[in-house]
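K.L.:
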Amino acid sequence: MPAARRKAPDMPRSDKPARAVAPWVRTRLRTAPWAAASLALLVLVTAYLAAALPRAVDRYETEGLRDGVRTAAPRNTVLELTYTIPVSEHGPGLAPGFLQGQREAVRALFPAPILTDPEHSFHGVRTVKRLTGTDPWLPAPDGVPPEFLLSAPSALTENAKLREGRPAAGTADAPEAVVTAKTAESLHLRPGSVVHVPSKLSVVPIAVTVTGIVEPRAPESPYWAVEPLLHTPALTPLIGDEIKYYWQAALILSPTSAPAVLSTTGAPEVFFRYMPEAGHLTGRDIDRLDAALDSATGGPDLVKMRKTVKANAALATQLDEIVGSYRSMREAIDPVVAVAVFGIGAVAAVVLAMTGGLFVARRDSELSLLRSRGASLTGIGLRLLGETSAVAVPAAALALGLAVATVRPPDGGSGGIPLGPSVLAAALVALLAMLVLPVRAVVLHRRPRLHGGRDDLLTARPSRRRTVLELTLLVLAVGAVVSLRLRGTGDSGDHLVSAAPVLVGLIAAMVLVRVYPLPLRWLARPARRLRGAVGPLALARAGRAPSSGTLPLLALVLALTTAAFGGSVLAGVADARDRAALLATGADARIGSPIEWTPLPAGLTESVRGLKGVRDVAAVQSEYGVSLPSTQGTAVQPMSAALVGVEPASYTRLAQRTGFGPFPAGLLASTGRGGEDAVADTERVLPAIASPSVAERLGKGPMDIIAAAGVFRVKVVAVRSTTPALDDADFLLVNGADLTHRADTSLLVTGPVDGAALRAVVKAKSAQAKSARGKSSSLVVKLRSEERATYVDSPLQSGAEQIYLGAIGAGAAFAVVAVLLSLLQSAPERTTLLARLRTMGLTRKQARRLLGLEALPQAVLAALGGILVGWATVPLLAPGIDLFRLALATAPGFAPLDSAPLRADPWSLLLPALAVVVLTALAAAGQAWWAGRRSSIKELRAGDAR
């Protein structure tokens, strides 16, 4: 028998089982721990951002709704149920206990999610119409007697403390009341005073005895703030041929005196007031809250309330307007925020794809060897999927836990924010990180291969599939841009519109990849004539960059586009707020009275001009509602405008600084015939600057003007659309020295003046200057900085801005990662190349220059592409994006600005692009320094990758 067929001798058997081969995943993770840790860190950060985003959006939307309800004036949020009562209603119908029972029964009928605060729920009886006080001793500034509100609210002792006298008691026939200290001081009331008001049952007036003076415990609480007249009297103007002032005040009746209001002419009614709670509301309750308010104010729930109280009961509230304002602001802000979300999401996806490409490039020889030895694509893909799953899934789970732990609901609790969107976002990141490596490896190694051919940007030819894909993306980008320009961002569900900047950046990156070889070819020829080999070699190496370099270029262009667009949004928001605040004040500070035709105290201008920080002061006289004649006679509709008298020198300086209708001071040259001695002279023609509509009405010839400031003729010498004295109104600007009745009504102050010092001076001058009526002039100081702060009073605005800032920061971080990944992918080949060149005499300085020049072309191309795309994207999409609601808290029509257009911000375009170039140069220099420290012989012994 041949030796090969001889039976082998029996070997001793072992009872121990054979040792199993180590699992593939564990072996790979132990072999390359740093690669696994890097992937885990990248997935952790990306998944955390993705999971935290929906929670952050939900948080600031919830904060915005709650803040809108909490910070609104109580008179706007109160839910007030009222019903009129007949004269015959006496006895139990107005008893305090009976009304309290009705109040609690109604409070239980409010539909969810409306909840009311039991501590701020009140009821009572009051007069709707004011009652004239007939006593001659009551103060009457202009001969007009005061008017009183009679109200019998509940829980007076809990909300006020007695300062003087005794609490009110009384009956329906002998009513008693208390008044607040401010009412007593202004109306000359004291304990024992008797105020008579008209009765509708008799010619004998009703006598109300004042028994005490109270002080509100918390004047800002809903008990007093819903009806401010209860605690503070008001000096009200009576508009007629002459403005006259009279007092309005409140007499607070005791509950036992409440039936007395039935005998008055004040249209008595019963009221129940409920203050809504906001701590339980979330941004997702907006639809339910709208439906509940509709039902309570005019639906089935109102019917239930009427059955509980009276059939004529009505529920009134302005809470629906607050909710509507919140909804409109959210609907305007969400699409703008979605643009940033799509941008940073696209950059993150590209960076994850680059990570998979780096791993595939590093393991190309290993996978090629496996395929050449018969490994199936399915087996390779499943093994690689197991590797990435073991890293990505735990990292994404940890990121989800961190997002839930760090981004909490506004109240700090664990609930309130749905977990579903965050889980879905983290799962998508994990899924992308898991699939990138196996999918790219399977696609690349569809066929076994020993060596790959040249695969660089200069020789690569785009396939038909790539061309079709690029054309498809181009069509989508054009459609998104056209849709955005036509419809704007109003449709929050149209994600294609929100992705328009990303699509534009994607198309631009693909175009840059196609044209990338051209400048390299153009520079290669003249570079050959240079002395030394570093320049030509660097350009040749840049051209030999692998075709997978599309991803780094795409990541950088998208990151720069996102940063440019986000920076432009933030710059546009800041500009809109600055301009709106300047329009509202006209200068850095404005001093004037809310009451028309209130002259400034004597010496105020000089005192303000002497304050520290004041650079200039412009005195202005304004008269509103001046009737304007027309060149077409009386056939046209009447029109009025504001007549503004100014001192041309100071006012034109102000107009030039603000940019609101500047003009040469010589246009308003004085006629020299103004002042108190001027007469109504129709031959006196004043040069005037008018708004466009006023100029069109007056025409080019002189027209007669009849105003309280004088009678004269004006001729329009210039047209301006804006002027500092008025925010948004038609105006006629003339030289104040030519007016017959000269009286400055406001001051426009320029300079960083201290608001406290300015208010102190104004208060002191107002106290000194008493008018003939025995009261000081009521002047208000409005600062531009304070006015600007009022435009950012909603967490919805600040939250959206933080999202944009976070998107810009995250985009910058992902751009850094893209640069580093791009350099790491070619690091082994570069290190080997430097080792070879060092053996041929290349110095360390030349090595640093070589790597820097090799990396810069792509970085410079990405920077230029990012600048151009960002610059083109902003004006391309600007017509469809209005930043008004993001910039200003008020609704359109209630702010000085009508719109806040998007504009390109130069700093947002240039700084990120320069940062990319500098970062690439520093990274290349660091790589050259590290390669120079290693031994050339060691690198050469490691073998050539080719």
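Those letters in the sequence shown? Residues 393 to 1338, per this note's numbering, in order. We put the CB at the ideal spot given by N, CA and C, even for glycine. All values derive from a computational prediction rather than experimental measurement.
Three-state secondary structure (DSSP) at N1127?
P.N.:
The residue given as residue 1127 occupies position 735 in the sequence shown. Note: N1127 maps to strand in three-state DSSP.
K.L.:
Taking the beta strand (DSSP E) that A1110 belongs to, which residues open and close that run?
P.N.:
Working through the sequence shown from its first residue, we reach residue 1110 at position 718. Start and end: G1102 to V1111.
K.L.:
Would you mind sorting G580 into buried or exposed? The rule is 16 or more other CB atoms within 10 Å of its CB.
P.N.:
On the sequence shown, residue 580 is found 188 positions in, with the first residue counted as 1. Going by the sequence as given, residue 580 is His instead of Gly. Label assigned to H580: exposed.
K.L.:
For the structure I just gave you, are there three or more beta carbon pairs, one from the stretch 583-597 and one from the stretch 687-706, closer than 8 Å?
P.N.:
Because the criterion of three Cβ pairs below 8 Å is not met, the stretch 583-597 and the stretch 687-706 do not touch.
K.L.:
Write down the C-beta distance between F664 and L542 rounded to the nearest angstrom, noting that I regard them as a contact closer than 8 Å.
P.N.:
As a position in the sequence shown, residue 664 is number 272, starting the count at 1. As a position in the sequence shown, residue 542 is number 150, starting the count at 1. So it is not a contact: roughly 18 Å between Cβ atoms.
K.L.:
Name the residue from V729, E1246 and V435 whose alpha carbon lies nearest to the alpha carbon of F1206.
P.N.:
Mapped onto the sequence shown, residue 1206 falls at position 814. Residue V435 is the option with its Cα nearest to F1206.
K.L.:
Where do the ends of the alpha helix (DSSP H) carrying F1206 lie?
P.N.:
Here the question's residue 1206 lines up with position 814 in the sequence shown. Looking at the DSSP string, the run of the alpha helix (DSSP H) that includes F1206 is P1187 to Q1217.
K.L.:
I'd like the span of the alpha helix (DSSP H) that includes P1084, first residue to last.
P.N.:
Position 692 of the sequence shown holds residue 1084. First-last of the alpha helix (DSSP H) with P1084: P1084 to L1090.
K.L.:
By the DSSP assignment, the beta strand (DSSP E) with I644 in it spans what residues?
P.N.:
Locating residue 644 in the sequence shown gives position 252, counting from the first residue. K636 to L645 is the extent of the beta strand (DSSP E) around I644.
K.L.:
Which of the three DSSP states, helix, strand or coil, is assigned to Y1183?
P.N.:
Within the sequence shown, numbered from 1, the residue matching residue 1183 stands at position 791. Residue state, collapsed to three classes: coil.
K.L.:
Assign S963 to buried or exposed, taking buried as 16 or more other Cβ atoms, counted over all protein chains shown, within 10 Å of its Cβ.
P.N.:
The residue given as residue 963 occupies position 571 in the sequence shown. Residue 963 is actually Ala in this sequence, not Ser. Flag for A963 reads buried.
K.L.:
Does the Cβ-Cβ distance between F1052 and A1110 come in under 8 Å?
P.N.:
Looking up residue 1052 in the sequence shown gives position 660. Looking up residue 1110 in the sequence shown gives position 718. Their beta carbons are not under 8 Å apart, which means F1052 does not touch A1110 by this criterion.
K.L.:
Given this structure, state the Cα-to-Cα distance separating G805 from A1202, to the nearest angstrom.
P.N.:
On the sequence shown, residue 805 is found 413 positions in, with the first residue counted as 1. On the sequence shown, residue 1202 is found 810 positions in, with the first residue counted as 1. Low confidence applies to G805: its pLDDT is 49, below 50, so where it sits in the model is not reliable, and the reading given next is rough at best. Rounded to the nearest angstrom, the two C-alpha atoms are 27 Å apart.
K.L.:
Comparing C-alpha positions only, which one of A544, L1078 and A1082 sits nearest to V1103?
P.N.:
Here residue 1103 refers to the residue found at position 711 when the sequence shown is read from its first residue. Taking only the C-alpha atoms, the option nearest V1103 is L1078.
K.L.:
Scan the stretch 980-1022 and note each continuous beta strand (DSSP E) run of 3 residues or more that stays entirely inside, going in chain order.
P.N.:
The qualifying runs are 981-984 and 1008-1019.
K.L.:
Nearest by alpha-carbon distance to L1020: which of S1014, P1030, Q1013 and A1011 is it?
P.N.:
On the sequence shown, residue 1020 is found 628 positions in, with the first residue counted as 1. Nearest C-alpha to L1020: P1030.
K.L.:
With DSSP collapsed to three states, give me the class of V586.
P.N.:
Reading the sequence shown from its first residue, position 194 is the one you call residue 586. DSSP places V586 in strand when its eight states are reduced to three.
K.L.:
If you draw a straight line from the alpha carbon of A1320 to that of T1235, how long is it in whole angstroms?
P.N.:
By 1-based counting over the sequence shown, the position of residue 1320 is 928. By 1-based counting over the sequence shown, the position of residue 1235 is 843. So the two alpha carbons sit approximately 11 Å from each other.
K.L.:
Between the alpha carbons of R420 and D450, how many angstroms are there, rounded?
P.N.:
The sequence position of residue 420 within the sequence shown is 28, counting from 1. The sequence position of residue 450 within the sequence shown is 58, counting from 1. Near 41 Å, if we compare the C-alpha coordinates of D450 and R420.
K.L.:
Over what stretch of residues does the beta strand (DSSP E) that includes K1174 continue unbroken?
P.N.:
The residue you call residue 1174 lines up with position 782 of the sequence shown. Its beta strand (DSSP E) spans residues V1172 to L1175.
K.L.:
At the level of alpha carbons, what is the spacing between P727 and A1192?
P.N.:
Start at 1 with the first residue of the sequence shown, and residue 727 comes out as number 335. Start at 1 with the first residue of the sequence shown, and residue 1192 comes out as number 800. C-alpha separation (whole angstroms): 11 Å.
K.L.:
Using alpha carbons as the reference points, say which of K699, V602 and M721 lies closest to L1188.
P.N.:
Numbered from its first residue, the sequence shown carries residue 1188 at position 796. Cα-wise, what sits closest to L1188 is M721.
K.L.:
Please look up how many angstroms separate the CB atoms of T1115 and L1131, rounded, as I've assumed it's under 8 Å.
P.N.:
Translated into positions along the sequence shown, residue 1115 becomes position 723. Translated into positions along the sequence shown, residue 1131 becomes position 739. So it is not a contact: roughly 17 Å between Cβ atoms.
K.L.:
Helix, strand or coil for P503 per DSSP?
P.N.:
Taking the first residue of the sequence shown as position 1, residue 503 is located at position 111. Reduced to three states, the DSSP call for P503 is coil.
K.L.:
Mind reading off the beta-carbon distance from D1274 to A1296? Whole number of angstroms is fine, and I expect it under 8 Å.
P.N.:
Taking the sequence shown and counting its residues from 1, the one referred to as residue 1274 is at position 882. Taking the sequence shown and counting its residues from 1, the one referred to as residue 1296 is at position 904. That pair is no contact at about 16 Å.
K.L.:
For R1007 and A1117, I'd like the C-alpha separation in whole angstroms.
P.N.:
Counting from one through the sequence shown, the residue named residue 1007 turns up at place 615. Counting from one through the sequence shown, the residue named residue 1117 turns up at place 725. Distance between the alpha carbons of R1007 and A1117 is about 18 Å.
K.L.:
Is the beta carbon of A561 sitting closer than 8 Å to the one on E568?
P.N.:
Counted from its first residue, the sequence shown places residue 561 at position 169. Counted from its first residue, the sequence shown places residue 568 at position 176. Against a cut-off of 8 Å, the Cβ pair of E568 and A561 comes out as a contact.
K.L.:
Considering just the uninterrupted stretch of the alpha helix (DSSP H) at L593, what are its terminal residues?
P.N.:
One-based indexing of the sequence shown puts residue 593 at position 201. Here L593 belongs to no alpha helix (DSSP H), and DSSP marks it neither H nor E.
K.L.:
One question on the structure: do R979 and E1179 come within less than 8 Å of each other, judged by their Cβ atoms?
P.N.:
Indexing the sequence shown from 1 puts residue 979 at position 587. Indexing the sequence shown from 1 puts residue 1179 at position 787. A small correction: the amino acid at residue 979 is Ala; Arg does not occupy that position in the sequence shown. No.
K.L.:
Taking the C-alpha atoms as reference points, what is the distance between E1088 and R1112?
P.N.:
Walking along the sequence shown from the start, residue 1088 turns up at place 696. Walking along the sequence shown from the start, residue 1112 turns up at place 720. Answer to the nearest angstrom: the Cα atoms are 12 Å apart.
K.L.:
Would H1133 and A1100 qualify as a contact pair, given that the criterion is a beta-carbon distance under 8 Å?
P.N.:
Residue 1133 sits at position 741 when you count from the first residue of the sequence shown. Residue 1100 sits at position 708 when you count from the first residue of the sequence shown. Yes, the Cβ-Cβ distance between H1133 and A1100 is below 8 Å.
K.L.:
For S613 and G489, I'd like the C-alpha separation in whole angstroms.
P.N.:
Taking the sequence shown and counting its residues from 1, the one referred to as residue 613 is at position 221. Taking the sequence shown and counting its residues from 1, the one referred to as residue 489 is at position 97. Whole-angstrom Cα-Cα distance: 24 Å.
K.L.:
Starting from I899, trace the alpha helix (DSSP H) both ways and give me its first and last residue.
P.N.:
Indexing the sequence shown from 1 puts residue 899 at position 507. Here the alpha helix (DSSP H) through I899 covers A892 to V907.
K.L.:
By Cβ distance below 6 Å, which residues in the same chain neighbour Y615 in space, the five residues on each side in sequence not counted?
P.N.:
The count along the sequence shown starts at 1 and reaches residue 615 at position 223. Only N551 meet the Cβ criterion.
K.L.:
Under a three-way DSSP split, which group does R555 fall into?
P.N.:
Taking the sequence shown and counting its residues from 1, one reaches residue 555 at position 163. Reduced to three states, the DSSP call for R555 is strand.
K.L.:
Determine the direct distance from the alpha carbon of A825 to that of L744, and round the result to whole angstroms.
P.N.:
For the purposes of this step, residue 744 is taken as residue 352 along the sequence shown, with counting starting at 1. For the purposes of this step, residue 825 is taken as residue 433 along the sequence shown, with counting starting at 1. Whole-angstrom Cα-Cα distance: 6 Å.
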